[in-house]
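Engineer: Chains as they are written, first to last, in this note's numbering: chain A, 10 to 408; chain B, 6 to 77. Yeah, the Cβ is synthetic: ideal placement off N, Cα and C, and Gly gets one too. Handing you this structure, nothing more for now.
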């Protein structure tokens, strides 16, 4: 932390003396969160069983920039994320395990793990012709999943900067180490992958966005993300129990491709001098016949120009995929090609609500000169399947 | 039902677009407020992450549509 503040000071000094030339640190962001979840529909045990999960997420990102001789801006970003989690359900990949995640005496690597995700990005901003061009690389690794991603993006603003079009194409080339339920190892009776195999999962996304300033108080955006995934899309260690197969389970089986089409609309309105209305709506559909509607409203209230408190509420309803059935409701005699008992893909409604607190100051917060913004957010989530969760996040921005 | 939805969406879009005004830079004090930003925010990063795992729908919000994690 001390080193960071030192570099920010040096950076500021350089900015003053060599404006528009040298690389400087624009901002540094820390985000830390704690997530706790409870439920009784674990997919690992076929739609029944403990879904308790704890996750601690932490990330730091640095944004640096410089201006070249033509007054174009070059922005560089680097980020490192580290998530540590413990999961009661993952500990049930082997049902004969004596210990559990709750005692910290784990039986599998899967019952607790660390996910590390570094990424880097570059953006070129042509200030004369109002366009930006950039790209990024990302990597992520956890005990059974490795991801390599890349993206390119382009955006163009109108002369008055009231309209902006953006396009971002991204590719994730992921590899999933196949882990079967312990009783099915080493060879899967229903999947084409066996224990320990490396299965691919590739994702291709194209995001297109249009942002428009409507008037002095209102701006809106429309965003669509066309997504296509191919490879192992089911989770091999999630069980499905059939009603006519006793207590013998199979791995869940899902199609090896999925086409997704979400369309989101966001509108932010400054009401009077103290209220802001942040509204969002999304319609989603995919090739697994899941459709969803999501609506969200957040209302920041400015206690002072630099401090705000914002209650928020989000409602989501989804139809569920056509391959889902609860515990023992699938029948082997039905000869279904695909089946799952994962409640994340079932029909449900969910509510998310909470409070966001934000304070910002150009002169520093709590006597720390470089601390520009402090933000805290708490959210509570409940699903009609009786899954509940709490999330608390702290974000600090240093400038 | 579908026709009605399309009609309402079209009507709303028309209403919004016709109410667009040219807003000059010096008139953007409210639009440029940090909390008026339309992009996804850092503080929502982990919230969006867990929703990606817990729900079947994704994308359309400036976050991920898929890939990069063992999520839906």
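How would you label residue 310(A), buried or exposed, when you count the other beta carbons within 10 angstroms and need 16 or more for buried?
Structural biologist: The residue in question, residue 310(A), is exposed, as its Cβ has fewer than 16 Cβ neighbours within 10 Å.
Engineer: Below 8 Å on the Cβ atoms is my contact criterion, and I expect residue 259(A) with residue 199(A) to pass it. Report the Cβ-Cβ distance as a whole number of Å.
Structural biologist: Yes, they are in contact, since the Cβ atoms of residue 259(A) and residue 199(A) sit about 5 Å apart, within 8 Å.
Engineer: Starting from residue 59(B) and walking both ways along the alpha helix (DSSP H), at which residues does that stretch end?
Structural biologist: That run of the alpha helix (DSSP H) goes 50 to 59.
Engineer: Can a CB atom of chain B be found closer than 8 Å to the CB of residue 109(A)?
Structural biologist: Note that residue 109(A) scores a pLDDT of 38, beneath 50, so its modelled location is shaky; the value from the coordinates is reported in the next line. Chain B, which has no Cβ nearer than 8 Å to the Cβ of residue 109(A), makes this no.
Engineer: Residue 44(B) by DSSP, collapsed to three states: which one?
Structural biologist: coil
Engineer: Based on DSSP bridge pairs, tell me the residues matched to residue 68(A).
Structural biologist: 40(A), 90(A)
Engineer: Out of 55(B), 62(B), 39(B), 54(B), which has the shortest C-alpha to C-alpha gap to residue 300(A)?
Structural biologist: 62(B)
Engineer: Taking the alpha-carbon of residue 317(A) as reference, which of 295(A), 330(A), 286(A) has the nearest alpha-carbon?
Structural biologist: 286(A)
Engineer: Given a limit of 7 Å on CB to CB distance, which residues of the stretch 213 to 240 of chain A reach chain B?
Structural biologist: Here the close residues are 214, 220, 221, 222, 223, 224, 225, 226, 228, 229, 230, 232, 233, 234, 236, 238.
Engineer: Check the Cβ of residue 53(B) against every Cβ in chain A and list those closer than 8 Å, keeping chain order.
Structural biologist: Within chain A, no residue comes near residue 53(B); the closest Cβ sits about 11 Å away, beyond 8 Å.
Engineer: Distance check for residue 346(A) and residue 58(A), CA to CA, integer angstroms please.
Structural biologist: Going by C-alpha positions, residue 58(A) is about 25 Å away from residue 346(A).
Engineer: Strictly below 7 Å CB to CB, what residues from chain B border residue 125(A)?
Structural biologist: Ordered by position in chain B, no residue passes the 7 Å Cβ test against residue 125(A), which lies about 12 Å from the chain.
Engineer: Does chain B have any CB closer than 8 Å to the CB of residue 91(A)?
Structural biologist: no
Engineer: Please return the same chain residues whose Cβ sits closer than 7 Å to the Cβ of residue 71(B), not counting the five positions on each side in sequence.
Structural biologist: Counting only Cβ-Cβ distances below 7 Å, and skipping sequence neighbours, we find 63.
Engineer: Can you give me the Cβ contacts of residue 383(A) inside the same chain, cut-off strictly under 7 Å, excluding the 5 residues immediately before and after it?
Structural biologist: 368, 374, 405
Engineer: Name, in chain order, the residues that DSSP records as bridge partners for residue 83(A).
Structural biologist: According to DSSP, residue pairing for residue 83(A) in a beta bridge involves 75(A), 133(A).
Engineer: Does the structure place the stretch 390 to 401 of chain A close enough to the stretch 47 to 60 of chain B that three or more beta carbon pairs sit under 8 Å?
Structural biologist: They touch, by the three-pair rule.
Engineer: Counting Cβ pairs, one atom from each stretch, are 3 or more of them under 8 Å apart for the stretch 141 to 148 of chain A and the stretch 125 to 132 of chain A?
Structural biologist: Taking a cut-off of 8 Å on C-beta distances, the stretch 141 to 148 of chain A touches the stretch 125 to 132 of chain A, as three or more cross pairs fall below it.
Engineer: Are the C-beta atoms of residue 169(A) and some chain B residue less than 8 Å apart?
Structural biologist: yes
Engineer: For the beta strand (DSSP E) that contains residue 143(A), what are its first and last residues?
Structural biologist: Where residue 143(A) is concerned, the enclosing beta strand (DSSP E) stretches over 140 to 151.
Engineer: Given a cut-off of 8 Å on the beta-carbon distance, is the pair residue 214(A) and residue 179(A) in contact?
Structural biologist: yes
Engineer: Beta carbons nearer than 7 Å to chain B: which residues of the stretch 268 to 284 of chain A have them?
Structural biologist: 269, 271, 272, 273, 275, 277, 279
Engineer: The beta strand (DSSP E) that contains residue 302(A), what's its start and end?
Structural biologist: 300 to 307
Engineer: Residues of chain B with CB under 9 Å from residue 36(A), in chain order?
Structural biologist: By Cβ distance, chain B contributes nothing, its closest Cβ being about 10 Å from residue 36(A), past 9 Å.
Engineer: Going by C-alpha distance, which of 56(A), 86(A), 45(A), 69(A) is nearest residue 32(A)?
Structural biologist: 86(A)
Engineer: Suppose only complete runs of 4+ residues qualify. What are the alpha helix (DSSP H) ranges in the stretch 238 to 315 of chain A, listed by chain order?
Structural biologist: none
Engineer: Excluding sequence positions up to five away, which residues of its chain have a Cβ less than 6 Å from the Cβ of residue 112(A)?
Structural biologist: Annotation note: pLDDT 37 at residue 112(A) (below 50); position unreliable, coordinate value reported separately. Around residue 112(A): no qualifying Cβ.
Engineer: Does DSSP classify residue 125(A) as helix, strand or coil?
Structural biologist: strand
Engineer: With respect to the beta strand (DSSP E) encompassing residue 209(A), which residues constitute its N-terminal and C-terminal limits?
Structural biologist: Segment 207 to 222, the beta strand (DSSP E) holding residue 209(A).
Engineer: To which residues of the same chain is residue 171(A) closer than 6 Å at the C-beta, ignoring the five residues directly before and after it?
Structural biologist: 222
Engineer: Helix, strand or coil: how does DSSP classify residue 182(A) here?
Structural biologist: strand
Engineer: Could you tell me whether the stretch 272 to 281 of chain A touches the stretch 219 to 237 of chain A, where touching means 3 or more Cβ pairs closer than 8 Å?
Structural biologist: yes
Engineer: Give me, in chain order, the residues of the same chain whose beta-carbon lies closer than 7 Å to that of residue 399(A); leave out the 5 immediate sequence neighbours on both sides.
Structural biologist: For residue 399(A), where only same-chain residues beyond five positions count, the Cβ hits under 7 Å are 45, 389.
Engineer: What's the gap between the Cα of residue 248(A) and the Cα of residue 296(A)?
Structural biologist: 23 Å
Engineer: Could you check whether residue 166(A) and residue 139(A) sit closer than 8 Å to each other, using their CB atoms as the reference points?
Structural biologist: One thing to note: residue 139(A) has its Cβ within 8 Å of the Cβ of residue 166(A).
Engineer: Using CA atoms only, rank isn't needed, just tell me which of 327(A), 96(A), 236(A), 282(A) is closest to residue 62(A).
Structural biologist: 96(A)
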